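Shown next, in structure tokens, is the structure this report addresses.
Here it is in structure tokens:
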């Protein structure tokens, strides 16, 4: 499939992969109970505390036997008592306490834990011939007595895994099904990496005309929607001028630079990943608020722009000395096959998104969400791209083939089928680009017709009906 804007999407991922090289690689671990392990990342391989199955299971539906010797004669089958496993249940008796001194048999279903009360299971078809012999009936034509061999028809103890066998590898994320596996293996505690602490940060000028906090609220809602819990942190702007103000009522609540830097560094030491937003990125505002952060955090991870939107990423100071460990790679049998030395460090990552609401919408989906996942799972992630098909021709206004642009659009997988005169769900969602007149970065009026955006570059011009395009839902 030829996707028109795939080259730009590749460039975006290369930038995200470049950021990955500068991201921290923490190795802080803690022991947690199984009740708390959902969604956590394992810091060590997990070994089973028991064999599973721990008791032999019936492998088939049929007749179970508790016998001492192979049964091959009519006399032997007649000496075996008949009991009713499910009859005991119907009488509110515990069939698993059915320990008889004599040999016995009973019907049984597949996958029942019978290892303590029986040692053989045979198919009903095999048993029917023996049942006739027990009643002194002659064998039917074609029937024969197949010997009942001890140990047949069972799923043996430890057939799934043995005690001390590795059942989950390091760096696995514990899902609900993996948690059930741990419980089955009688694991009560596991070593997991410490949880990542998120914060949302802004410099609060407390001026309605300067920052309405709409962008900040959008970031909060995105984090909630994506399932990340984040604390809200606001700090006062700093002042550098000693100019006398005649009217104190005009003063904004501020703090001095030294206090500002201390608060900022304390925040960075308290959290692992911070999403910050603030003033528009231009020369006039470059020394105000968080725009001036690069004066205090000199270790830039990345400072760039994607599809026209700028962002900055900083790293805080190391929270602990860098740790170097030898990592061993083992095979399924636990044999060491390779060994490398790896460095582990821990510091806060601050992603700063300057600009108005449209800038924030784009950067949250293109930059922030992939980088949060990167921080959690230590590998680069793509944004949640989807593929749609354009329903009309469209000419870009970009002059240079290297320029990039965001096209706002409406996507739907429901379309009208004229042949059958009905609405149908298509296999590929359909895209319709929305023309926004005099677009401003604070404009939201066109969102009534918009539910996605398409990153595009000048070399993709012109767009034609039937073109496949990557898009992001918003």
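Numbering (the UniProt record's numbering), first residue to last: 1 to 474.
Yeah, the Cβ is synthetic: ideal placement off N, Cα and C, and Gly gets one too.
Small disclaimer: the values here were computed from a predicted structure and weren't measured.
query, result
"Return the CA-CA distance between residue 464 and residue 393, expressed in angstroms with no decimal places.", "4 Å"
"According to the neighbour-count rule (16 or more other Cβ atoms, all chains shown, within 10 Å of its Cβ), is residue 147 buried or exposed?", "exposed"
"Taking the alpha carbon of residue 403 as the reference point, which residue from 255, 2, 160 and 7 has its own alpha carbon closest?", "7"
"Can a CB atom of chain C be found closer than 8 Å to the CB of residue 118?", "No chain C is present in this structure, which holds just one protein chain."
"How should residue 460 be labelled, buried or exposed, when 16 other C-beta atoms within 10 angstroms of its C-beta is the threshold for buried?", "buried"
"Where residue 444 and residue 230 are concerned, what is the direct C-alpha to C-alpha distance, given to the nearest angstrom?", "26 Å"
"Helix, strand or coil: which one does DSSP assign to residue 177?", "helix"
"Which residues in the same chain have their Cβ closer than 7 Å to the Cβ of residue 134, if we skip the five residues on either side of it in sequence?", "77 and 78"
"Between which two residues does the beta strand (DSSP E) containing residue 341 stretch?", "336–344"
"Over the uninterrupted alpha helix (DSSP H) stretch that includes residue 123, give me the two end residues.", "Not the alpha helix (DSSP H): residue 123 falls in the beta strand (DSSP E), residues 120–123."
"If you drop the 5 nearest sequence neighbours on each side, which residues of the same chain put their C-beta closer than 7 Å to that of residue 95?", "85, 88 and 89"
"Jot down the residue ranges of each uninterrupted beta strand (DSSP E) in the UniProt domain \"MoeA N-terminal and linker\" (26–182), minimum 3 residues, whole runs only, in chain order.", "29–33, 62–66, 104–108, 120–123 and 166–168"
"Among residues of its own chain, excluding the 5 on either side of residue 247, which ones have a beta-carbon nearer than 7 Å to its beta-carbon?", "Model confidence at residue 247 stands at a pLDDT of 48, short of 50, so the residue's coordinates are unreliable and nothing is read from them."
"Between the C-alpha atoms of residue 72 and residue 83, what's the straight-line distance to the nearest angstrom?", "20 Å"
"Helix, strand or coil for residue 458, going by three-state DSSP, please let me know.", "helix"
"Please classify residue 392: does DSSP put it in a helix, a strand, or coil?", "coil"
"Report the option in 80, 319 and 64 whose CA atom is closest to the CA atom of residue 118.", "64"
"How big is the Cα-Cα spacing for residue 48 and residue 361?", "46 Å"
"Could you name the residues that DSSP lists as bridge partners for residue 6?", "None; residue 6 has no bridge partner."
"DSSP has residue 324 in a bridge; who is on the other side?", "343"
"With the cut-off set at 8 Å, would you say residue 178 and residue 168 are in Cβ contact?", "yes"
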